[in-house]
Amino acid sequence: MAGHQLCLIIDFGSQVTQLIARRLRELNVYSEIHPFNALDGDRLRALAPRAVILSGGPASVPEPGSPRPPAEVFQLGVPVLGICYGQQAMVDMLGGRVEGGHAAEFGHAWLEPAGRHGDDPIFSGLFEAGREAVWMSHGDRVTAMPDGFEVFGTSPGAPFAMIGDARRHFYAVMFHPEVHHTPNGRRLLENFTRLAGFSGDWTMGAYRDEAIAAIRAQVGNGRVICGLSGGVDSAVTAVLLHEAIGDRLTCVFVDHGLLRQNEAQEVVGLFRDHYNIPLIHADESARFLAALDGVTEPEAKRKTIGRLFVEVFEEQAGTIGGAAFLAQGTLYPDVIESVSASGGPSVTIKSHHNVGGLPERMNMALVEPLRALFKDEVRALGRELGLPEHFVGRHPFPGPGLAIRCPGEVTPEKLAILRAADAVFIDQIRRHGLYDDIWQAFVALLPVKSVGVMGDGRSYDYACALRAVTSVDGMTADVYPFTHDFLRETANRIVGEVRGINRVTWDITSKPPGTIEWE
Ligand code: XMP
Numbered sequence: 000m001a002g003h004q005l006c007l008i009i010d011f012g013s014q015v016t017q018l019i020a021r022r023l024r025e026l027n028v029y030s031e032i033h034p035f036n037a038l039d040g041d042r043l044r045a046l047a048p049r050a051v052i053l054s055g056g057p058a059s060v061p062e063p064g065s066p067r068p069p070a071e072v073f074q075l076g077v078p079v080l081g082i083c084y085g086q087q088a089m090v091d092m093l094g095g096r097v098e099g100g101h102a103a104e105f106g107h108a109w110l111e112p113a114g115r116h117g118d119d120p121i122f123s124g125l126f127e128a129g130r131e132a133v134w135m136s137h138g139d140r141v142t143a144m145p146d147g148f149e150v151f152g153t154s155p156g157a158p159f160a161m162i163g164d165a166r167r168h169f170y171a172v173m174f175h176p177e178v179h180h181t182p183n184g185r186r187l188l189e190n191f192t193r194l195a196g197f198s199g200d201w202t203m204g205a206y207r208d209e210a211i212a213a214i215r216a217q218v219g220n221g222r223v224i225c226g227l228s229g230g231v232d233s234a235v236t237a238v239l240l241h242e243a244i245g246d247r248l249t250c251v252f253v254d255h256g257l258l259r260q261n262e263a264q265e266v267v268g269l270f271r272d273h274y275n276i277p278l279i280h281a282d283e284s285a286r287f288l289a290a291l292d293g294v295t296e297p298e299a300k301r302k303t304i305g306r307l308f309v310e311v312f313e314e315q316a317g318t319i320g321g322a323a324f325l326a327q328g329t330l331y332p333d334v335i336e337s338v339s340a341s342g343g344p345s346v347t348i349k350s351h352h353n354v355g356g357l358p359e360r361m362n363m364a365l366v367e368p369l370r371a372l373f374k375d376e377v378r379a380l381g382r383e384l385g386l387p388e389h390f391v392g393r394h395p396f397p398g399p400g401l402a403i404r405c406p407g408e409v410t411p412e413k414l415a416i417l418r419a420a421d422a423v424f425i426d427q428i429r430r431h432g433l434y435d436d437i438w439q440a441f442v443a444l445l446p447v448k449s450v451g452v453m454g455d456g457r458s459y460d461y462a463c464a465l466r467a468v469t470s471v472d473g474m475t476a477d478v479y480p481f482t483h484d485f486l487r488e489t490a491n492r493i494v495g496e497v498r499g500i501n502r503v504t505w506d507i508t509s510k511p512p513g514t515i516e517w518e
């Protein structure tokens, strides 16, 4: 985003590089991630960062050909912080030494203060309890520092765990300040941004006005179509666009019949009735269910839904006529160019469905006002725009909807059972005050029937699985640790209240090796 003081993050392929950017954004500092191999001196100068952070990464600095940032990073006259691999690359480039072959240090470690640590602004608020808990993940380590550097902190496995040249404002740490397991890491990043002179100009209040101005500049007097899914990203995109261009926005809500309980009414009620946004509600459930009839293979389901979705969207867009722009809720994690550790393309585990390909087919330009934002920033922006809290804080919901939570054949009967069970589960989670601690929760209806006894009779009904995970970005996930009481109560309620289910199981698989959705 032009116009904001930039903290540039140079990525060497660490799994947690995005967390650096997110921690900085939480500090109201605008940050962008650029892969090391997409930068040279000219590009660096054009970006004009106020500070640079070198990320961690899987490579090994002593290996010939291992990646380095452009040398100009150290000539910009701005503070530089190297993290893990970034520390070692910095040390190597500035004349120190890095060696492999030491015992790897992985996980928790204690960082003890060393040298004249108290004098430097980087230490404000640190080491107050004597030492700091930090999270390490490295095999190589620094064995000699560059000229001008001194040791600020040591750990049992890393005598140069934290080093720096306070005169040039170059700092380098072996541990990861961006992860939660380094509790005071945020403080370290805050100190770094303070000494770099960031004014904290990145707020969603300011962004709202900038985004509105940018939309107006891009769209001029044109008309825009925006697909609503019921999710928070498309909702925020729509409300922002409506503020920018009023009734020249038309929203299209494709109801594929695979939505959750009351979802269609909620979306239509909010956008058409509350915000007065022109909205086409295309109820195409019969068409989608007919196309899904007999389709059981997960990828075939996804492709069928994706293809029909584009078809319906195109038809509806055609009825409006003359829209030159298509709005999409693309987020920053979707556009970050990532450095692949293996260098090769990754395997497709699931084809995600979106309206990709449509803009070219329909000759429309894209408007993507959330392209610079992380999910938590989209939520903050939604609050700025006055979207109701229960809408803004919603769990993510996949484009193919309940079809991928219904392994095997998708039928109206199964969907009705699934919807009812899911509503009970979510109600339980809300009643127990757990909704916001969970990244995503839902019920999957299993394609198995089992025998039960209800009252005095025999039942032969479906089994379902409860799924609830914690996650940062959906890429990895942990099972949410419900109590037995909660699980027992939920199972009783589902079997008691939902006709068609007589057995409840709990899915306790993390991702990897599982995925969050069942298909
Ligand atoms: P998996 O199942 O791959 O899901 O672990 C990771 C996250 O992505 C969501 N998901 C989708 N979102 N279109 C979407 O918009 C899709 O086709 C799709 N498939 C999965 C899933 O709900 C989870 O949050």
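Once you know that position 182 of the sequence shown is 181 in numbering that gives the first Met the number 0, the rest is easy, because the numbers rise by one and skip nothing.
Even for Gly, the Cβ is constructed at its ideal location relative to N, Cα and C.
Burial state of residue i (16 or more Cβ within 10 Å)
i: Glu336; result: exposed
i: Ser449; result: exposed
i: Ala490; result: buried
i: Gly342; result: Because the pLDDT of Gly342 is 49, which lies under 50, any placement of that residue in the model is unreliable, and the number read from its coordinates should be weighed accordingly. Looking at its Cβ environment, which holds fewer than 16 other Cβ atoms inside 10 Å, Gly342 is exposed.
i: Asp282; result: exposed
i: Asn362; result: exposed
i: His483; result: exposed
i: Ser198; result: exposed
i: His137; result: buried
i: Val503; result: buried
i: Asp139; result: buried
i: Arg21; result: buried
i: Asp232; result: buried
i: Thr142; result: exposed
i: Asp10; result: buried
i: Met474; result: exposed
i: Gly334; result: Note on residue identity: the sequence assigns Val, not Gly, to residue 334. Burial call: exposed.
Identity of the residues DSSP links to residue i by a beta bridge
i: Asp10; result: Pro34
i: Glu459; result: Before going further, note that residue 459 is Tyr rather than Glu in the sequence given. Per DSSP, Val450.
i: Asp282; result: Asp254
i: Met92; result: Looking at the DSSP assignment, Met92 forms no beta bridge with any residue, so it has no partner.
i: Ser136; result: Phe105
i: Leu110; result: Glu131
i: Arg466; result: Phe441
i: Thr249; result: Ile224
i: Ser154; result: Ala157
i: Ala143; result: Arg96
i: Phe169; result: Val79, Asp164
i: Leu365; result: Leu325
i: Trp505; result: Leu465
i: Ala210; result: Bridge partners of Ala210: none, in fact.
Contacts around residue i, its chain only, beta-carbon distance under 6 angstroms, and the 5 residues preceding and following it disregarded
i: Gly219; result: none
i: Phe148; result: Ile162, Asp164
i: Gly81; result: Leu53, Met89, Ala171
i: Trp438; result: Val468, Thr469, Ser470
i: Glu242; result: Ile211
Nearest-angstrom Cβ-Cβ length linking residue i and residue j, presumed shorter than 8 angstroms
i: Phe396; j: His431; result: With a Cβ gap of about 21 angstroms, Phe396 and His431 do not count as contacting.
i: Val251; j: Ala316; result: 7 angstroms
i: Arg393; j: Leu444; result: Not a contact, Cβ separation roughly 21 angstroms.
i: Val525; j: Ala402; result: The requested residue 525 does not occur in the structure, where the chain is confined to residues 0 to 518.
i: Val493; j: Val423; result: The amino acid at residue 493 is misidentified as Val; the sequence shows Ile. Sure, about 5 angstroms apart at Cβ, within 8 angstroms.
i: Phe441; j: Arg466; result: 6 angstroms
i: Arg145; j: Leu93; result: The sequence given here places Pro at residue 145; Arg does not occur at that position. Right, their Cβ atoms sit about 4 angstroms apart.
Cβ shell of residue i (< 7 angstroms), same chain only, five flanking positions each side left out
i: Lys374; result: Leu330
i: Trp201; result: His3, Arg24, Asn27, Val28, Tyr29
i: Arg185; result: Arg22
i: Leu369; result: Asp232, Val235, Thr236, Gly328, Thr329, Leu330, Val377
8 angstroms Cβ shell around residue i - same chain, five flanking residues per side excluded
i: Asp472; result: Gln17, Pro332, Lys374
i: Pro536; result: Here the chain has residues from 0 to 518 only, and residue 536 is not among them.
i: Pro387; result: Leu269
i: Thr514; result: Ile348, Lys349
i: Glu209; result: Met0, Gly2
i: Leu240; result: Ile214, Val223, Cys225, Leu248, Ala326, Val366, Pro368
Q. So which residues touch the region around ligand 1, with touch meaning a C-beta under 6 angstroms from any heavy atom?
A. In chain order, the qualifying residues are Lys349, His351, His352, Pro395, Pro397, Gly398, Pro399, Gln439, Gly473, Lys510, Thr514, Ile515, Glu516.
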